[in-house]
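*Asks:*
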């Protein structure tokens with residue numbers, strides 16, 4: 098299977114749809130949202146040019 102087929106398969110999957118990811122994302126943002134905002138502000142203040150995940 099080539100990359101394009103895998104991408105299409107992933108897009109069609111229910112795994113990454115809002116009904117599945119939504120509740121987890123809501124919980125994560127409720128618990129970690131303030132920390133994320135603080136990190137984002139720190140990155141802006143320090144003029145960070147690259148963020149690696």
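Numbering (the working numbering), first residue to last: 98 to 150. Backbone N, C-alpha and C define an ideal beta-carbon position, used for all residues, glycine too.
#1: Check for me: the alpha helix (DSSP H) holding residue 100 runs from which residue to which?
#2: So, are the CB atoms of residue 111 and residue 104 less than 8 Å apart?
#3: Consult DSSP for residue 143 and reduce its assignment to one of helix, strand or coil.
*Replies:* So, from the listed chains and residues:
#1: To locate residue 100, count along the chain shown from 1; it is residue 3. Residue 100 -> alpha helix (DSSP H) spans 100-109.
#2: Mapped onto the chain shown, residue 111 falls at position 14. Mapped onto the chain shown, residue 104 falls at position 7. In this structure, residue 104 does not lie closer than 8 Å to residue 111 by Cβ.
#3: Position 46 of the chain shown holds residue 143. Residue state, collapsed to three classes: coil.
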